[in-house]
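S.K.: Here it is, the structure, as structure tokens.
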Amino acid sequence: MENNKVDSEKIAAGVRLILEGIGEDPDRDGLKKTPERVANFYVELTEGMWKDARAEIVPLPGDSHDEMVIVKDISIASVCEHHLAPFVGKVHIAYIPKDGRIVGLSKLARIAEIFARRLQVQERLTKQIAETLFEELEPLGVMVVMEAEHTCMTLRGV
Numbered sequence: 290m291e292n293n294k295v296d297s298e299k300i301a302a303g304v305r306l307i308l309e310g311i312g313e314d315p316d317r318d319g320l321k322k323t324p325e326r327v328a329n330f331y332v333e334l335t336e337g338m339w340k341d342a343r344a345e346i347v348p349l350p351g352d353s354h355d356e357m358v359i360v361k362d363i364s365i366a367s368v369c370e371h372h373l374a375p376f377v378g379k380v381h382i383a384y385i386p387k388d389g390r391i392v393g394l395s396k397l398a399r400i401a402e403i404f405a406r407r408l409q410v411q412e413r414l415t416k417q418i419a420e421t422l423f424e425e426l427e428p429l430g431v432m433v434v435m436e437a438e439h440t441c442m443t444l445r446g447v
């Protein structure tokens, strides 16, 4: 999927309007390049919208594995779809292989990153990771646990 669906100019224009809306001068020295910076920031934080996480899952050939596979402390950054504010945290992924179907450990982190780089809510993000692994690897079980700080809450004192 291509990134051509993101209109950076519209994002920058929107940021200019926000700055004006809060009484700032978007043309003052400290803010002149802010609309473009914010546009680039959101392009990066939503790049997973154009990627297929399933493409990352290529089962490795090998012996029959039936012990639990766990990858802990995968760092993620995402954007809350309710406030367009970042949330950051750690994802822990575990699965029990079936019929020797395993993937490289780095692929688990890649899948988490692809789903995180979208407008998200934490609940859907964990579900998307788990469902993708379950559907593609057909393991005996999958578990995804996430802990995250949501700046939309922290900054509002909630």
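Everything in the sequence shown is counted per the working numbering, starting at 290 for the first residue and increasing by one. Just so it is clear, CB atoms sit at the ideal spot from N, CA and C, and this is done for glycine as well.
Anyone know if the C-beta pair for residue 437 and residue 377 falls short of 8 Å?
M.R.: Contact flag set, yes.
S.K.: Could you tell me whether the stretch 384–392 touches the stretch 437–446, using the rule of 3 or more Cβ pairs below 8 Å?
M.R.: Short answer: they don't touch.
S.K.: Per DSSP, residue 430 forms a beta bridge with which residues?
M.R.: Looking at the DSSP assignment, residue 430 forms a beta bridge with 385.
S.K.: Taking residue 361 as part of the beta strand (DSSP E), name the residues at either end of that continuous run.
M.R.: Residue 361 -> beta strand (DSSP E) spans 358–369.
S.K.: With which residues is residue 435 paired in a DSSP beta bridge?
M.R.: Note: residue 435 sits in a beta bridge opposite 380.
S.K.: Using the Cβ count rule (16 or more neighbours within 10 Å means buried), how would you classify residue 364?
M.R.: Exposed, because fewer than 16 other Cβ atoms sit within 10 Å of the Cβ of residue 364.
S.K.: Tell me which residues share the same chain as residue 320 and place their Cβ nearer than 8 Å to its Cβ, disregarding the 5 neighbours each side in the sequence.
M.R.: Excluding residues within five positions, the ones whose Cβ falls inside 8 Å are 308, 313, 314.
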